[in-house]
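Going letter by letter, the sequence shown gives residues 1 to 500 in UniProt numbering.
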Amino acid sequence: MKRRKEGYFDFEHHPNAYLERKRNVEQGLHARTKIIEALAMSMPTEAATAAVSNSDEMRENRTELTIKAISESAAMSYSSSFHHLRLLEEEKIVKREGPRPYKWVVTGKGQRSLDELDLELGVTKMEEELLMIPGPVPVLPRIREAMTKPMIFHRGDEFGAMYEEIVETLKDIYQTRNDLFVLSGSGTCAMEAAIGNLVSNETKMVCIANGKFGERFGEIAVRYKADAVTLVNVNFEWGHSIELEAVKEALENSSSSDPKIVTMVHNETSTGILNPAKEVGKLARKHDAVFVLDCITSIGGDKVPVDELGADIAIVGSQKCLGAPPGLSALSVSEHAWDLIRENERRPYYMDLIAFKKSLEKKQTPYTPALPLFFALHEALAVIREEGIENRIERHRGMAKTVRDAVTGLGLRLFPKLNEVSDYSNTVTAIEIPVANGITDEQLRGGMRKRGVIVAGGQGKLKGEIFRIATMGNITEREVRRTLDALEVVLEENNLTLSD
Numbered sequence: 001m002k003r004r005k006e007g008y009f010d011f012e013h014h015p016n017a018y019l020e021r022k023r024n025v026e027q028g029l030h031a032r033t034k035i036i037e038a039l040a041m042s043m044p045t046e047a048a049t050a051a052v053s054n055s056d057e058m059r060e061n062r063t064e065l066t067i068k069a070i071s072e073s074a075a076m077s078y079s080s081s082f083h084h085l086r087l088l089e090e091e092k093i094v095k096r097e098g099p100r101p102y103k104w105v106v107t108g109k110g111q112r113s114l115d116e117l118d119l120e121l122g123v124t125k126m127e128e129e130l131l132m133i134p135g136p137v138p139v140l141p142r143i144r145e146a147m148t149k150p151m152i153f154h155r156g157d158e159f160g161a162m163y164e165e166i167v168e169t170l171k172d173i174y175q176t177r178n179d180l181f182v183l184s185g186s187g188t189c190a191m192e193a194a195i196g197n198l199v200s201n202e203t204k205m206v207c208i209a210n211g212k213f214g215e216r217f218g219e220i221a222v223r224y225k226a227d228a229v230t231l232v233n234v235n236f237e238w239g240h241s242i243e244l245e246a247v248k249e250a251l252e253n254s255s256s257s258d259p260k261i262v263t264m265v266h267n268e269t270s271t272g273i274l275n276p277a278k279e280v281g282k283l284a285r286k287h288d289a290v291f292v293l294d295c296i297t298s299i300g301g302d303k304v305p306v307d308e309l310g311a312d313i314a315i316v317g318s319q320k321c322l323g324a325p326p327g328l329s330a331l332s333v334s335e336h337a338w339d340l341i342r343e344n345e346r347r348p349y350y351m352d353l354i355a356f357k358k359s360l361e362k363k364q365t366p367y368t369p370a371l372p373l374f375f376a377l378h379e380a381l382a383v384i385r386e387e388g389i390e391n392r393i394e395r396h397r398g399m400a401k402t403v404r405d406a407v408t409g410l411g412l413r414l415f416p417k418l419n420e421v422s423d424y425s426n427t428v429t430a431i432e433i434p435v436a437n438g439i440t441d442e443q444l445r446g447g448m449r450k451r452g453v454i455v456a457g458g459q460g461k462l463k464g465e466i467f468r469i470a471t472m473g474n475i476t477e478r479e480v481r482r483t484l485d486a487l488e489v490v491l492e493e494n495n496l497t498l499s500d
C-alpha cells in the first residue's frame, strides 16, 4: 500500500471556521468536551464513560480519566475513533507506538492537561455522519438555525429586502448583469424552467452530453414538448471529454433550420469532469443559439464568469457549492434568451420566467416562496460574502487537488478522460473502484460509512464502477482528512495493495 505523503493539507484553514468556533465558545461548547464525548462514543470503556460524567467527582478527574481512556485503547487504526485520535496526534496529545495494530499512548503534553487543547483542534460536527456527496452538503449550524425564524409576509418589505440581497449576491457570484431569479424547486426544476420557456414550435435543440445530467436536458425537452422540438444529441462516452469538432459539425451540418438552443453541463457531477463552457459558448453565439449552461455544481465552488462564458441561461442549485439546504435553485437570463422566451406562447405556468421577471420588479416571486429555505439561502450567501468568493474558489480547488493527489497516491485511478479543453472537476472527484483487485462498491463505500463518512457511488451505467468524493460548500480540509483516513483504512482492511 502506498502511503500518502505529507504536505497535502497545507492550505489555509477555512476563513469562516474561526467565526464558527467563536460561536461555539460563546455557547459553552469547548472542543475538549466534544473530543471527550467522541472518545466515549467510540471507546466504550469504563474510563471513557466516566470521563463524560457530570458528577462533581468525575469533573475534577476528567483530564486524568480521559487520558486513561486513550491509554486503554488498542488497535485504533481499525476503529471509528481513528479520526479523533489523529486529531489528538496532530496536537501532540497522543502518539502511536509499535507496528500495526498501533498502541496509542499519551504524550507529556497530554499528561500535563488536555486543557491545553483549544478550539483550533475542534471539529464541531465530529460526532455526526459526514456527507461527502455532491449534494446535499453539510449545512453550518447558523444556516440551519436561519430556517427556524418566524414566518414573514412574502409580499412585505422584509421579504423584498432579503430577496433583493439574495439576487444581488448571486449576480456577483455569477459575474453577470443578466436578470436572475430564485425558484422554489431544485436544480432540475430550473433545468425544466429553462427548456419549458425556450422550446416552442419548430425549435431545434442541440444537447451536448458526456454524463447523466447532460442527457437530462434532452429528456426534459422530449417529454415536455416532443411535438415541438427537433432534438440533436451530441453524446460522448460518460467521463470522456467533449470533442469540439463534433459539436461544431452538429451545429453546422444539420438539414433542419439553424439551432435555436444549445445545452451543456459545465461541471458533470456524475463523472467528475469540467466541460469547456467558453469554447462551446463561442460556437453557440456563432449560430445565434441560446446557450443554456447547467452550473449546478460549479457556481460557488469554481470560477464561473457567466457573461464571459456566453451563457444565456445559467443554473445553480442551493444544496451544492452554495452550502444551503436543498429545495431552491436560481437561473440567470440574458436578453438574447428573452427574445426566444417571448416568442413562446406555451410557457409553463408555475415556472413562467416572464412572470418571475415582472414580480422581480416588485422584489417578489410570482407565487408563494419556500420561506425557510430563502432564510437559509440568505444566511449561506452571508457566509460566502464573509469568506470572499475568490477565497472560496481557491479553497474548493485546493481540496479537490488534495483528494486527487491522495487517491492517486494510494494507487487509485481518476475516472475522467481529459483532452486539451476539459479538466478535472474542482468540486467532485470521480474515482474508479478497483473491482479487479477484489473490492466491491459495497465493501468500499459501506466500509467508509461504518466509519461515519458517506461518499457517492456511480449513477446509471456507472453504478458499481466508480465512487465520488465531493468537496463542496463549507467542507474544510479537516473533513477531507477524515474522508481520506477512512478510505485508506478501508483499503488496508481489504488487503488492497495497488501500484501506480
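Backbone N, C-alpha and C define an ideal beta-carbon position, used for all residues, glycine too. Model, not experiment: these values are computed from the prediction.
How is residue i classed by DSSP in three states: helix, strand or coil?
| i | result |
| --- | --- |
| THR287 | For the sequence presented, residue 287 should be read as His rather than Thr. Coil, per DSSP. |
| VAL453 | strand |
| ASP423 | strand |
| ALA324 | coil |
| ARG392 | helix |
| ASP294 | strand |
| VAL403 | helix |
| THR440 | coil |
| MET147 | coil |
| VAL137 | coil |
| THR263 | strand |
| ILE273 | strand |
| ILE220 | helix |
| ILE299 | strand |
| LEU496 | coil |
Considering just the uninterrupted stretch of the beta strand (DSSP E) at residue i, what are its terminal residues?
| i | result |
| --- | --- |
| LEU180 | 179-183 |
| ALA470 | 466-470 |
| residue 502 | Only positions 1 to 500 of the chain appear in the structure, and residue 502 is not among them; the question remains open. |
| LEU231 | 229-235 |
| GLU97 | 94-97 |
| THR203 | 203-209 |
| LEU412 | Careful: LEU412 lies outside any beta strand (DSSP E) and carries neither H nor E. |
| residue 501 | Absent from the model: residue 501. The displayed extent of the chain is 1 to 500, so no value can be given. |
CA-CA distance, residue i and residue j?
| i | j | result |
| --- | --- | --- |
| THR107 | LEU410 | 30 Å |
| ILE296 | GLU89 | 38 Å |
| LEU491 | GLU442 | 12 Å |
| VAL453 | THR230 | 44 Å |
| GLU97 | ARG445 | 29 Å |
| GLY464 | ILE439 | 10 Å |
| ARG216 | GLU158 | 37 Å |
| VAL403 | GLY457 | 16 Å |
| PHE356 | MET151 | 22 Å |
| GLU129 | THR471 | 15 Å |
| VAL199 | ALA221 | 8 Å |
| PHE236 | PRO276 | 14 Å |
| MET132 | GLY460 | 20 Å |
| LEU140 | ASN474 | 7 Å |
| ARG468 | VAL435 | 15 Å |
| ILE143 | PRO134 | 18 Å |
| SER184 | PRO372 | 11 Å |
| ARG342 | ALA193 | 14 Å |
Exposed or buried, which one is residue i when buried takes at least 16 other CB atoms within 10 Å?
| i | result |
| --- | --- |
| GLU488 | buried |
| ALA370 | buried |
| VAL137 | buried |
| GLY323 | buried |
| ASP294 | buried |
| ALA406 | buried |
| ASN344 | buried |
| GLU379 | buried |
| ALA376 | buried |
| PHE153 | exposed |
| ASN253 | exposed |
| TYR350 | exposed |
| LEU92 | The sequence given here has Lys at residue 92, not Leu. So LYS92 counts as exposed. |
| GLU477 | buried |
| ASP312 | buried |
Kindly indicate the opening and closing residues of the alpha helix (DSSP H) around residue i.
| i | result |
| --- | --- |
| CYS189 | 187-198 |
| LEU491 | 477-493 |
| LEU170 | 157-174 |
| LEU418 | LEU418 -> no alpha helix (DSSP H), and no H or E assigned at all. |
| LEU244 | 244-252 |
Would you say residue i faces chain D, with C-beta separation under 8 Å as the test?
| i | result |
| --- | --- |
| ILE354 | Any reference to chain D falls outside this structure, which holds one protein chain only. |
**OP:** Within the region 307-381, note down every full alpha helix (DSSP H) run reaching 4 residues or more, in order along the chain.
**Re:** Assignment of alpha helix (DSSP H) within the region 307-381, counting only whole runs of 4 or more residues, yields 335-343 and 353-360 in chain order.
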